[in-house]
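Here is the structure we will look at, set down as structure tokens.
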Amino acid sequence: MSAKVAVPRMKVPSKSEFKDKEKPAQIRSSNIVAAKAVSDAIKTSLGPRGMDKMIQDSKGEVTITNDGATILKQMKVLHPAAKMLVELSQAQDAEAGDGTTSVVILAGAMLETSQQLLTKGFHPSNISDSLLHFAAKAVEVLESMAIPVDLSDRASLLKSANTSLNSKVVHEHSGMLAPMAVDAVLKIVDPNQDTNVDLHDIRIIKKLGETVEDSQLVDGIVFTQKSQGHGGPNRMEKAKIGLIQFCISPPKTDMDNTVLIRDYAAMDRVLREERQYILNITKKIKAAGCNVLLIQKSILRDAVSDLALHLLAKQKIMVVKDIEREDIEFVCKTLGCRPVASLDHFTPECMGSAELAEEIQAGGSKFVKITGVQNPGRTVSILLRGSNKQVLEEADRSLHDALCVIRCLVKKRCLIPGGGAPEAELSVKLTQYAHTLTGMDAYCFRAFAEALEVIPAILAENAGLSPISTVTELRNRHARGETTAGVNVRKGSISNIVDENVLQPLLVSTSAITLSAECVRSILKIDDIVNVIR
Numbered sequence: 216m217s218a219k220v221a222v223p224r225m226k227v228p229s230k231s232e233f234k235d236k237e238k239p240a241q242i243r244s245s246n247i248v249a250a251k252a253v254s255d256a257i258k259t260s261l262g263p264r265g266m267d268k269m270i271q272d273s274k275g276e277v278t279i280t281n282d283g284a285t286i287l288k289q290m291k292v293l294h295p296a297a298k299m300l301v302e303l304s305q306a307q308d309a310e311a312g313d314g315t316t317s318v319v320i321l322a323g324a325m326l327e328t329s330q331q332l333l334t335k336g337f338h339p340s341n342i343s344d345s346l347l348h349f350a351a352k353a354v355e356v357l358e359s360m361a362i363p364v365d366l367s368d369r370a371s372l373l374k375s376a377n378t379s380l381n382s383k384v385v386h387e388h389s390g391m392l393a394p395m396a397v398d399a400v401l402k403i404v405d406p407n408q409d410t411n412v413d414l415h416d417i418r419i420i421k422k423l424g425e426t427v428e429d430s431q432l433v434d435g436i437v438f439t440q441k442s443q444g445h446g447g448p449n450r451m452e453k454a455k456i457g458l459i460q461f462c463i464s465p466p467k468t469d470m471d472n473t474v475l476i477r478d479y480a481a482m483d484r485v486l487r488e489e490r491q492y493i494l495n496i497t498k499k500i501k502a503a504g505c506n507v508l509l510i511q512k513s514i515l516r517d518a519v520s521d522l523a524l525h526l527l528a529k530q531k532i533m534v535v536k537d538i539e540r541e542d543i544e545f546v547c548k549t550l551g552c553r554p555v556a557s558l559d560h561f562t563p564e565c566m567g568s569a570e571l572a573e574e575i576q577a578g579g580s581k582f583v584k585i586t587g588v589q590n591p592g593r594t595v596s597i598l599l600r601g602s603n604k605q606v607l608e609e610a611d612r613s614l615h616d617a618l619c620v621i622r623c624l625v626k627k628r629c630l631i632p633g634g635g636a637p638e639a640e641l642s643v644k645l646t647q648y649a650h651t652l653t654g655m656d657a658y659c660f661r662a663f664a665e666a667l668e669v670i671p672a673i674l675a676e677n678a679g680l681s682p683i684s685t686v687t688e689l690r691n692r693h694a695r696g697e698t699t700a701g702v703n704v705r706k707g708s709i710s711n712i713v714d715e716n717v718l719q720p721l722l723v724s725t726s727a728i729t730l731s732a733e734c735v736r737s738i739l740k741i742d743d744i745v746n747v748i749r
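The numbering of the sequence shown is our numbering, which starts it at 216 and goes up by one.
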């Protein structure tokens, strides 16, 4: 006789109880999709054969560029995870200055790999820890393949500046812009002790007109304003330069007031008094021996009145007005002068000396150039020319990237091959290292090592080569021990990239990998988005 066992009826859980279990996975997946969309948007602008983007802002201004940081900064990104990638490219721009496109592409590839690992049931924390370990190991491998460089070795510096400029819109002028960048940085650093470069000491002045070829490195200073005063000198040899922060114009009272003048005699007296007041100031300036006067922009009243300009011109003093407040420090550093805030302190000691100050006609505008400064500070000015606004802006951005590349070499004096070689080498070396690991780490390492091959694949794709066969051949070459084999986009094949002079600073690659790994780790750790409605 079989005993009947009462089976307790199980409560069938409703759908809502499972919802919260699924939510973190959905949030993670949505974050990864949004961040990948950003990296796919700039994928095509990587490398020397990359395409340019045309960006139109709300005012109708057009920008043409293929600099990753610029493209992302101008984009209107709404998703918070996608914004992290925009910030990532800006972090790379601040840290290394170059490699802003590749850092976002690397992050996108790592996120895609993480998505596959998450689907296989890996926990986000495990993936995140593996990624930290992976980035540290990758930096070790990169440092082992670095080529030490000396700052006196100008040829190596030129090669890396050229590599940076090759992927820009103005690449045909790299033969002229690269030496300019190298000379500018070498002029303001002491190779023996400096470990950083303050790029604020390099002033880039953009002037429309002529072509990029006519740009020049000015050993001195350039003012975008023309010299003031009709009939005054516009060329001054043996210049004594004074920089004043007070106004040469009739004083104003502190409060609003009106003066009623009833007859011409009083009117004459007022005008005579004004003339006398300004004449006194100009005489004192002349007496101090000054013959080139720089006047700071004033917001309260005219920095210099027409009468003052006339009197200064009669005394043969060349005047440049409207010097911006933020430029004062640079001007003082360059000319070795001191800004003077009141007339009583205007003495010969405050002035700087130079061989020549002259006004130069450039296209439709004029500018003032001061050269041959007697005790120059460590600053340098670059005068950039361009036939239209877009070219000029892009030349400015490209030159900034080239300057940053040289700055990276001052910070960390090592070069590595470019052209996808470091990524392919990392992929091979870290896959081999993964065999020595056990458990989840080994699996994650293998997956992330494969993800690094995205850079050579995109380089090949943008150059019109077959990405699969190119990457396979590259992997074979590196497995055979050819550490410097890279994608040669000019010949459309794999070759020794160092012989092609494609070199980049070590700092660009190491910071790209560490920053993208950090960004991916923080995206993986997010499991909910909370909107605070104001």
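We treat Cβ as the ideally placed atom computed from N, Cα and C, and that holds for glycine.
If you draw a straight line from the alpha carbon of residue i to that of residue j, how long is it in whole angstroms?
{"i": "T497", "j": "V546", "result": "22 Å"}
{"i": "A454", "j": "G504", "result": "10 Å"}
{"i": "I709", "j": "G262", "result": "15 Å"}
{"i": "L527", "j": "N506", "result": "9 Å"}
{"i": "R736", "j": "L599", "result": "41 Å"}
{"i": "F349", "j": "C552", "result": "53 Å"}
{"i": "L308", "j": "D255", "result": "Rather than Leu, the amino acid found at residue 308 in this sequence is Asp. Approximately 19 Å, taken between the alpha carbons."}
{"i": "L558", "j": "K499", "result": "8 Å"}
{"i": "A324", "j": "R661", "result": "13 Å"}
{"i": "S375", "j": "G579", "result": "36 Å"}
{"i": "T725", "j": "V253", "result": "22 Å"}
{"i": "C619", "j": "V319", "result": "18 Å"}
{"i": "H650", "j": "Q305", "result": "36 Å"}
{"i": "S731", "j": "S596", "result": "34 Å"}
{"i": "A240", "j": "N746", "result": "18 Å"}
{"i": "V588", "j": "K548", "result": "11 Å"}
{"i": "G635", "j": "V606", "result": "28 Å"}
{"i": "D714", "j": "T698", "result": "13 Å"}
{"i": "E488", "j": "I419", "result": "43 Å"}
{"i": "D743", "j": "D656", "result": "26 Å"}
{"i": "N716", "j": "R622", "result": "19 Å"}
{"i": "E302", "j": "V723", "result": "17 Å"}
Which residues in the same chain have their Cβ closer than 8 Å to the Cβ of residue i, if we skip the five residues on either side of it in sequence?
{"i": "S520", "result": "I463, S464, P465, I493"}
{"i": "R690", "result": "A639, S642, V643, E668"}
{"i": "T328", "result": "A662, F663, E665, A666"}
Please return the same chain residues whose Cβ sits closer than 7 Å to the Cβ of residue i, not counting the five positions on each side in sequence.
{"i": "E608", "result": "T278"}
{"i": "R612", "result": "T280, D282, T285"}
{"i": "H693", "result": "A639, E640, V643, A700"}
{"i": "L539", "result": "A small correction: the amino acid at residue 539 is Glu; Leu does not occupy that position in the sequence shown. Result list for E539: K512, in chain order."}
{"i": "N581", "result": "Per the sequence shown, residue 581 should be read as Lys rather than Asn. So the qualifying residues of the chain are K441, E574, I575."}
According to DSSP, what are the bridge partners of residue i?
{"i": "I362", "result": "L630"}
{"i": "S596", "result": "R418, V433"}
{"i": "A700", "result": "N711"}
{"i": "R612", "result": "None, per the DSSP bridge assignment."}
{"i": "I456", "result": "V507, G567"}
{"i": "I585", "result": "I436, A572"}
{"i": "V555", "result": "I459"}
Comparing C-alpha positions only, which one of the options sits nearest to residue i?
{"i": "P394", "options": "L432, G601, K422", "result": "L432"}
{"i": "V555", "options": "F461, K288, N677", "result": "F461"}
{"i": "A678", "options": "M266, S244, A249", "result": "M266"}
{"i": "V404", "options": "L293, L624, H386", "result": "L624"}
{"i": "G444", "options": "A523, S389, E489, L372", "result": "A523"}
{"i": "T259", "options": "E697, L674, V702, K706", "result": "L674"}
{"i": "L414", "options": "E676, V747, T594, S726", "result": "T594"}
{"i": "K529", "options": "A353, H650, I543, G447", "result": "G447"}
{"i": "T426", "options": "Q289, G635, H388, A240", "result": "H388"}
{"i": "D398", "options": "A481, R749, D368", "result": "D368"}
{"i": "R695", "options": "I575, S513, R622, Q647", "result": "Q647"}
{"i": "K626", "options": "S371, T315, E310", "result": "E310"}
{"i": "G314", "options": "D517, A617, R749, I744", "result": "A617"}
{"i": "H525", "options": "I543, R490, D542, L333", "result": "R490"}
Tell me which residues share the same chain as residue i and place their Cβ nearer than 6 Å to its Cβ, disregarding the 5 neighbours each side in the sequence.
{"i": "P406", "result": "L366"}
{"i": "R264", "result": "N677, A678, V704"}
{"i": "L401", "result": "none"}
{"i": "A249", "result": "H294, A296, A297"}
{"i": "D537", "result": "Q440, K512"}
{"i": "L680", "result": "G707"}
{"i": "T729", "result": "A350"}
Please look up how many angstroms separate the CB atoms of residue i and residue j, rounded, as I've assumed it's under 8 Å.
{"i": "M451", "j": "M533", "result": "5 Å"}
{"i": "Q814", "j": "S244", "result": "Because the chain in this structure spans residues 216 to 749, residue 814 falls outside the shown range and cannot be described."}
{"i": "C734", "j": "L300", "result": "7 Å"}
{"i": "S343", "j": "K740", "result": "6 Å"}
{"i": "L373", "j": "L721", "result": "About 17 Å; that fails the 8 Å criterion."}
{"i": "E574", "j": "N381", "result": "That belief does not hold up - the Cβ atoms of E574 and N381 are roughly 37 Å apart, past 8 Å."}
With a threshold of 7 Å (Cβ to nearest heavy atom), would residue i be considered close to the ligand NAD?
{"i": "L721", "result": "Inclusion of the ligand NAD in the displayed structure is not the case, the ligand content being empty and no account of it being possible."}
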